[in-house]
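A.B. asks: Residue numbers (the numbering used here): 665 to 920.
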Amino acid sequence: MPELKPAQHCSIDRLVCIITAVSHKPTGRLIIMTSPNHTALQIQIIPVTPLQQNTSLIWSPTSGEGVFIDPGGETQKLLMAAKQNNVKIVAIWLTHGHLDHAGAAAEIAEITGCPIIGPHKDDQWLLDDIEAQGAKYGISGGRNVTPTRYLVDGDELELGGHKFGVVHCPGHTPGHVVIYNKQGAFSFVGDVLFKGSIGRTDFPKGNHQQLLDSITQKLWPLGNDMRFVPGHGPMSTFGEERASNQFVGDAVLNRS
Ligand SMILES: [Zn+2]
Ligand SMILES: [Zn+2]
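1. How about THR865: is its Cβ closer than 8 Å to a heavy atom in ligand 1?
2. Please look up how many angstroms separate the CB atoms of CYS833 and LEU883, rounded, as I've assumed it's under 8 Å.
3. DSSP on ILE803, reduced to helix/strand/coil?
4. Using three-state DSSP, classify ALA796 as helix, strand or coil.
5. Report, in whole angstroms, the separation of the C-beta atoms of ILE879 and ILE862, which I expect to be a contact under 8 Å.
6. Three Cβ pairs or more, each shorter than 8 Å: is that satisfied between the segment 754-761 and the segment 773-791?
7. Can you pull the DSSP bridge partners for GLY730?
8. Check for me: the alpha helix (DSSP H) holding GLY829 runs from which residue to which?
9. Given a threshold of 16 other Cβ atoms within 10 Å of its Cβ, counted over all protein chains shown, does VAL831 qualify as buried or as exposed?
10. With distance defined between alpha-carbon atoms, name the residue in PHE902, LYS827, ALA746 and PHE852 nearest to GLY860.
11. Please classify PRO885: does DSSP put it in a helix, a strand, or coil?
12. By how many angstroms is the C-alpha of ASP819 removed from the C-alpha of PRO885?
13. State yes or no: is the C-beta of ASP764 nearer than 8 Å to some heavy atom of ligand 2?
14. Within 8 Å: the Cβ of GLY839 and any heavy atom of ligand 2?
15. Which term fits ARG891, buried or exposed, when burial requires 16 or more other beta carbons within 10 angstroms of its beta carbon?
16. Using only the alpha-carbon positions, how far apart do SER900 and LEU857 sit?
17. What does a CB cutoff of less than 6 Å around ILE733 pick up in its chain, not counting 5 residues either side in sequence?
18. Looking at LEU763: is its Cβ nearer than 9 Å to the Cβ of GLN740?
19. Give the secondary structure of GLN847 by DSSP, where H, G and I count as helix, E and B as strand, and everything else as coil.
20. Does at least one heavy atom of ligand 2 sit under 8 Å from the Cβ of GLY870?
21. Considering only the beta carbon of each residue, do GLY805 and GLY895 sit closer than 9 Å?
22. Beta-carbon within less than 8 Å of VAL686's beta-carbon, same chain only, minus the 5 sequence neighbours each way: which residues are those?
23. Tell me the DSSP secondary structure of PHE911 in three-state form.
24. For GLY854, is the classification buried or exposed, using 16 other Cβ atoms within 10 angstroms of its Cβ as the cut-off for buried?
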């Protein structure tokens, strides 16, 4: 569900600043260098809903095909972003079942005809509760989701010839997955990890120790250089978080 702690948020302006700084482009696009022999993937991060959830639009400029990761709301704004970049949406990838990450998935799938891939089946109870949660939190328009396909640890996804790995990272929610591109050292971690913080575990079926284990045993092995787009707030790298994160930094966990 929503991450309401101020430390886990940044303003749209700040996020756009960070993206621009990384990409050196005024459009706010990032470029993922997936291989010197391949055309790079492109990514645009679009904050949606009052919770400023980071929806990612990633696409291959060669094929023109793209996916939305965690389309949490504001369907028209997201479809407009795809249109402006001449992207045909071929799939929706979900990291977990919370409203602010999955709320627009059913509507976009209906409009584009694309499949919904993920999260792990253990989040279906949350996907079934999106409409009720929306009413509770005053966020309208979200629809319950039935994925076309669930994800499990070790699965592989593909976009424009580029491979993405999947790791199951329970703790924030039981069915949370992280999606990463090894060659480009780029990942989408949903609400598992934030710059300077970690996901909340005080919701039903949250588990703090499980979340710590997911981060240290599933994410850290992907490498210190791995950049990540969190569900909320600015980007970071696993190495930066190991060095400074007050919840899962090496020093905090007594690892040097
Ligand atoms: Zn969440
Ligand atoms: Zn969230």
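Even glycine gets a Cβ: it sits at the ideal position worked out from N, Cα and C. For clarity, every value in this text was computed on a predicted model and none was experimentally measured.
C.D. replies: Taking the coordinates as given:
1. Start at 1 with the first residue of the sequence shown, and residue 865 comes out as number 201. No, ligand 1 has no heavy atom inside 8 Å of this Cβ.
2. Within the sequence shown, residue 833 is the residue found at index 169, counting from 1. Within the sequence shown, residue 883 is the residue found at index 219, counting from 1. The pair is a contact, with the Cβ atoms about 7 Å apart (cut-off 8 Å).
3. Residue numbering aside, residue 803 sits at position 139 when the sequence shown is read from its first letter. DSSP places ILE803 in coil when its eight states are reduced to three.
4. For the purposes of this step, residue 796 is taken as residue 132 along the sequence shown, with counting starting at 1. Under the three-state reduction of DSSP output, ALA796 falls in the helix class.
5. Here residue 879 refers to the residue found at position 215 of the sequence shown. Here residue 862 refers to the residue found at position 198 of the sequence shown. Cβ-Cβ separation between ILE879 and ILE862: approximately 7 Å, consistent with a contact (criterion under 8 Å).
6. Contact between the segment 754-761 and the segment 773-791 is present, because at least three Cβ pairs lie under 8 Å.
7. To locate residue 730, count along the sequence shown from 1; it is residue 66. Partner(s): TRP723 and ILE753.
8. Mapped onto the sequence shown, residue 829 falls at position 165. Run containing GLY829: none in the alpha helix (DSSP H); it sits in the beta strand (DSSP E), 826-832.
9. Position 167 of the sequence shown, counted from the first residue, corresponds to residue 831. The residue in question, VAL831, is buried, as its Cβ has 16 or more Cβ neighbours within 10 Å.
10. Residue 860 sits at position 196 when you count from the first residue of the sequence shown. Between GLY860 and the set PHE902, LYS827, ALA746 and PHE852, the nearest pair of CA atoms involves PHE902.
11. Counting from 1 along the sequence shown, the entry for residue 885 is found at position 221. Residue state for PRO885 is assigned as helix, using DSSP reduced to three classes.
12. Residue mapping note: residue 885 aligns to position 221 of the sequence shown, counting from 1. Residue mapping note: residue 819 aligns to position 155 of the sequence shown, counting from 1. C-alpha separation (whole angstroms): 17 Å.
13. The residue labelled residue 764 in the question sits at position 100 within the sequence shown. At least one heavy atom of ligand 2 is nearer than 8 Å to the Cβ of ASP764, so yes.
14. As a first step, residue 839 is located in the sequence shown; it is residue number 175 there, counting from the start. Ligand 2 has no heavy atom closer than 8 Å to the beta-carbon of GLY839.
15. Taking the first residue of the sequence shown as 1, we reach residue 891 at position 227. Residue environment analysis places ARG891 among the buried positions, since at least 16 neighbouring C-beta atoms fall within 10 angstroms of its C-beta.
16. Counting from 1 along the sequence shown, the entry for residue 900 is found at position 236. Counting from 1 along the sequence shown, the entry for residue 857 is found at position 193. Rounded to the nearest angstrom, the gap between the Cα atoms of SER900 and LEU857 is 10 Å.
17. Taking the sequence shown and counting its residues from 1, one reaches residue 733 at position 69. Excluding sequence neighbours, ILE733 sits near SER720, TRP757 and PHE852.
18. For the purposes of this step, residue 763 is identified with residue 99 of the sequence shown, where counting begins at 1. For the purposes of this step, residue 740 is identified with residue 76 of the sequence shown, where counting begins at 1. No, these two residues do not count as a Cβ contact at 9 Å.
19. The residue labelled residue 847 in the question sits at position 183 within the sequence shown. In this structure, GLN847 counts as coil in the three-state DSSP scheme.
20. What you label residue 870 is simply residue 206 of the sequence shown in a count that begins at 1. No, Cβ of GLY870 sits at least 8 Å from all heavy atoms of ligand 2.
21. Taking the sequence shown and counting its residues from 1, the one referred to as residue 805 is at position 141. Taking the sequence shown and counting its residues from 1, the one referred to as residue 895 is at position 231. Taking 9 Å as the cut-off, the beta carbon of GLY805 is found no closer than this to the beta carbon of GLY895.
22. What you label residue 686 is simply residue 22 of the sequence shown in a count that begins at 1. Any reading at VAL686 must be qualified, since the residue scores a pLDDT of 36, below 50, and its modelled position is unreliable; the value itself is stated next. When the five nearest sequence neighbours on each side are left out, the beta carbons in the same chain lying within less than 8 Å of the beta carbon of VAL686 are those of LEU694 and MET899, in order along the chain.
23. Sequence index remark: in the sequence shown, residue 911 carries index 247 (1-based). Three-state DSSP puts PHE911 in coil, outside helix and strand.
24. Here residue 854 is taken as the residue at index 190 of the sequence shown, counted from 1. Taking every protein chain shown into account, the CB of GLY854 has 16 or more other CB atoms within 10 angstroms, so this residue is buried.
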